[in-house]
Amino acid sequence: MKITITPNQVVEGCEGESIMEVLVRHQIPVQNVCSGKGTCGKCKVRFLAGQKDPTPSDLKHLTNQELKAGFRLACGVKAEEGMEIEAISAEVYDRKEAALRDMLQINLDHGVQKVFVNVPSPSLEDERGDWNRLSDELSQILKLETVSIKMSALDNLDKLPGVLRSGNFAVTVTVWDNQVLDVEEGDTTLTLYGVAVDIGTTSVAVSLVDLNSGQLIKVISHENEQTAYGADVISRISYARESREKRLRLKDTVKQTINSLLNRIIKESGISANSIYKVTVVSNTTMNHLFLGLDTSNLAVAPYVSVLNNSFELSAAELGIEINPEGRILTFPNIGSFVGGDTVGAVIGTPGVLEDGNHLLIDLGTNCELFLKTSQGMMACSTAAGPAFEGAGIKQGMRAKPGAIEAVTITEDSIEIGVIGDEKAIGICGSGLVEGIEQMRLAGVINKRGKITDPEKENSLSLQLKARIRSGGKSGREFVLTYGGEEGTDVFLTQEDIGELQLAKGAVCAGIKTLVGMAGISLQELDSVVLAGTFASYLKARSILEIGLVPNIDPERIKTVGNAAHVGAMRALLNRTVFKDAVELAKKVKHIELGGNKDFTSNFMKSMYLERTQ
Numbered sequence: 001m002k003i004t005i006t007p008n009q010v011v012e013g014c015e016g017e018s019i020m021e022v023l024v025r026h027q028i029p030v031q032n033v034c035s036g037k038g039t040c041g042k043c044k045v046r047f048l049a050g051q052k053d054p055t056p057s058d059l060k061h062l063t064n065q066e067l068k069a070g071f072r073l074a075c076g077v078k079a080e081e082g083m084e085i086e087a088i089s090a091e092v093y094d095r096k097e098a099a100l101r102d103m104l105q106i107n108l109d110h111g112v113q114k115v116f117v118n119v120p121s122p123s124l125e126d127e128r129g130d131w132n133r134l135s136d137e138l139s140q141i142l143k144l145e146t147v148s149i150k151m152s153a154l155d156n157l158d159k160l161p162g163v164l165r166s167g168n169f170a171v172t173v174t175v176w177d178n179q180v181l182d183v184e185e186g187d188t189t190l191t192l193y194g195v196a197v198d199i200g201t202t203s204v205a206v207s208l209v210d211l212n213s214g215q216l217i218k219v220i221s222h223e224n225e226q227t228a229y230g231a232d233v234i235s236r237i238s239y240a241r242e243s244r245e246k247r248l249r250l251k252d253t254v255k256q257t258i259n260s261l262l263n264r265i266i267k268e269s270g271i272s273a274n275s276i277y278k279v280t281v282v283s284n285t286t287m288n289h290l291f292l293g294l295d296t297s298n299l300a301v302a303p304y305v306s307v308l309n310n311s312f313e314l315s316a317a318e319l320g321i322e323i324n325p326e327g328r329i330l331t332f333p334n335i336g337s338f339v340g341g342d343t344v345g346a347v348i349g350t351p352g353v354l355e356d357g358n359h360l361l362i363d364l365g366t367n368c369e370l371f372l373k374t375s376q377g378m379m380a381c382s383t384a385a386g387p388a389f390e391g392a393g394i395k396q397g398m399r400a401k402p403g404a405i406e407a408v409t410i411t412e413d414s415i416e417i418g419v420i421g422d423e424k425a426i427g428i429c430g431s432g433l434v435e436g437i438e439q440m441r442l443a444g445v446i447n448k449r450g451k452i453t454d455p456e457k458e459n460s461l462s463l464q465l466k467a468r469i470r471s472g473g474k475s476g477r478e479f480v481l482t483y484g485g486e487e488g489t490d491v492f493l494t495q496e497d498i499g500e501l502q503l504a505k506g507a508v509c510a511g512i513k514t515l516v517g518m519a520g521i522s523l524q525e526l527d528s529v530v531l532a533g534t535f536a537s538y539l540k541a542r543s544i545l546e547i548g549l550v551p552n553i554d555p556e557r558i559k560t561v562g563n564a565a566h567v568g569a570m571r572a573l574l575n576r577t578v579f580k581d582a583v584e585l586a587k588k589v590k591h592i593e594l595g596g597n598k599d600f601t602s603n604f605m606k607s608m609y610l611e612r613t614q
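Numbering-wise (the numbering used here), the sequence shown opens with residue 1 and increments by one.
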């Protein structure tokens, strides 16, 4: 059966498949937080033809306006011939590209050289082979005893005679670590590019950099298409364990995400894919393994062992990455099973945390990593914050893109909201969730246990705020942040949403307390607390302190740095010494496993309250 996915894709559905299964099989991005169980309400699609009556899950998770507009949950609708569907865009809205440019300050020493060579033409007196005469000239220019060409680059060797003669023996040679990667006719020394890739559990970011000037040309990002197989690393590890075929499917899926981003950034920048010769990749340990196609089954069971911790270098052809086939792909080293190269990248991208004193780096995301540097050494751990910070698991949560509430201010009788893109609000992203709950707490809408107050029993609230509290059925009470009117959608937070945030922030705060305690210092001895991650860059120090996301310390010591892991990948792209430093750093960091740690369990229970915590 044929199903149309707007704007112009037609896919085949199989008998008995749900729309969710069709989308996943054809690698069309769809949010799948609950693995198709119908409990998360995130796999919304809009039916333009073939619409079905709402299921109980539709009625539970979708608003009346959405139902009337043709929205249904993809997991609850069986595929039928002739259906036409509009899938929800998985574009990730980048609000901080300028910040990445500002953070990218480093000396150029990336190790990729393009050398223009005038090769002596052959003659009866000079019968050297084409490669020999080229390598002899190149060695003299670079002052090397010898240069080599990888046997995997036989295609380059095969085309060498044609390239030399087409260019009248004037060619450009690209060299990496004394090895020839490419030979082009003419002078192409000005076209030399590299790419930094940040593979997150939720999204993938790609930045294009001019390796001649060090200039950041463009940054784009998109949802990690692996989310169709689960919202977090544990669900993807579970999927990968089912069979080698499924593990390789996850590898192909993230490769497809990266290549789609590369194709787009190449097209928008007007360059050739063949002129990209170096890629650095940061990711958590699970994403690293899935990107390389490695077995992840032991990451999720004690004693939580990875296949490898060290960095890896492969050619683009070996990994199927669509740049110059001999371009080098360098992955960052991992520290432990759930503290990966993204943490190493974040440290490299925020070199201030390695200075004298006690410095804590918090990389906020679905999997929150903590790095602590003291005079005694370096330690790192991870804590499962869950996807709430990314908007997942929240009834009207969404990623940070136009239409998402990102800021909330509650006064005695009114609410002001900030919406990304200054558009009509359609949901709420992570920064809006944190600030919204902080403001609800300060206004008395919720108590420190996170419970939404009963408007009939609470006398301190104004009538205007009381009117925004309403029954949400099985989800408990809910609080309306903004009304949608006749054609829009009310955006509100439910009792369950508040509970999701409490679990996430409790895990982060407990991890901080446990790690700092194990280092033998007090919270007040921290010289700085650095919040990393795109989401973190939109948080206010006041908000995270008021809800207890971090323990109560001097707000002057709290700094936000944006996507430091991505910056670290770019710094390593531009300077090979930085990459070597990253490799050595990973070896020196002591990995702390919080699973089963009694202090962590105790700290977690104490960190659930929405209040400043010591």
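Ideal placement from N, C-alpha and C gives every residue a C-beta, glycine not left out.
- Going by DSSP, lysine 559 is part of no alpha helix (DSSP H) but of the beta strand (DSSP E) stretching over 558-560.
- Distance from the Cα of threonine 188 is smallest, within the candidate group Ser275, Gly568 and Leu154, for Ser275.
- The alpha-carbon of lysine 2 is positioned some 6 Å away from that of valine 10.
- Under the Cβ criterion (8 Å, minimum of three pairs), the stretch 277-296 counts as touching the stretch 188-198.
- Non-local beta-carbon contacts of lysine 114 in its own chain, meaning distances under 6 Å to residues more than five positions away in sequence, involve Thr172, Thr174, Thr189 and Leu192 in chain order.
- Taking the Cα of asparagine 310 as reference, the smallest distance to any Cα among Asn298, Ser269, Glu318 and Ser337 is reached at Ser337.
- Taking a C-beta distance under 8 Å as the contact criterion, valine 530 and leucine 361 qualify as a contact pair.
- DSSP places asparagine 603 within a helical segment (H, G or I) once states are collapsed to three.
- Rounded to the nearest whole angstrom, the CA to CA distance from glutamine 614 to isoleucine 553 is 8 Å.
- For aspartate 295, no alpha helix (DSSP H) segment is defined, and its DSSP state is neither H nor E.
- Assigned with DSSP and collapsed to three states, alanine 467 falls in coil, not helix or strand.
- Boundaries for tyrosine 239: no beta strand (DSSP E) harbours it, while the alpha helix (DSSP H) harbouring it runs 233-241, taken from the DSSP string.
- Here DSSP, grouped into helix, strand and coil, assigns arginine 612 to coil.
- Assignment of cysteine 368 by DSSP, reduced to helix, strand and coil, places it in the strand class.
- Bridge pairing for threonine 409: Glu416 [DSSP].
- Counting other Cβ atoms within 10 Å of its Cβ, asparagine 263 stays below 16 and is therefore classed as exposed.
- In this structure methionine 605 is exposed. Its beta-carbon is surrounded by fewer than 16 other beta-carbon atoms within 10 angstroms.
- Distance from valine 119 to leucine 164 at the Cβ level is roughly 6 Å; contact confirmed, criterion being Cβ atoms closer than 8 Å.
- Taking the CA atoms as reference points, asparagine 358 sits about 22 Å from lysine 540.
- DSSP assignment within the stretch 445-502 yields the following whole alpha helix (DSSP H) runs of 4 residues or more, N-terminal first: 463-466.
- When rounded, the separation of the alpha-carbon atoms in lysine 255 and valine 204 is 10 Å.
- Going by DSSP, glutamate 313 is part of no alpha helix (DSSP H) but of the beta strand (DSSP E) stretching over 312-315.
- In this model, lysine 466 and isoleucine 405 are separated by some 21 Å (Cα to Cα).
- Sixteen is the threshold: when 16 or more other Cβ atoms of the shown chains lie within 10 Å of the Cβ of serine 431, as they do, the residue is buried.
- The alpha-carbon separation between histidine 26 and glutamine 51 amounts to approximately 21 Å.
- Under the DSSP assignment, leucine 531 falls in the beta strand (DSSP E) whose first and last residues are 528-532.
- Nearest in C-alpha terms to valine 347, of all of Glu12, Glu584 and Lys68, is Glu584.
- Setting aside the 5 residues that flank it on each side, glutamate 17 is surrounded in the same chain by Arg25, Lys78 and Ala79, each with a C-beta closer than 8 Å to its C-beta; the list follows chain order.
- Just so you know, the alpha carbons of asparagine 334 and glycine 129 end up roughly 44 Å apart.
- Out of Ala569, Arg576 and Ile329, the CA that lies nearest to the CA of leucine 181 is found in Ile329.
- For the pair glycine 36 and serine 57, the CB atoms are not nearer than the 8 Å cut-off.
- With respect to the 8 Å criterion, threonine 350 and alanine 564 are classified as neighbours on the basis of their beta carbons.
- DSSP places isoleucine 258 in the helix class (H, G or I) of the three-state scheme.
- Distance between isoleucine 258 and threonine 383, taken at the CA atoms: about 27 Å.
- Sixteen is the threshold: when 16 or more other Cβ atoms of the shown chains lie within 10 Å of the Cβ of tyrosine 229, as they do, the residue is buried.
- Looking only at Leu461, Leu62 and Ala317, the smallest Cα-Cα distance to aspartate 155 is reached by Ala317.
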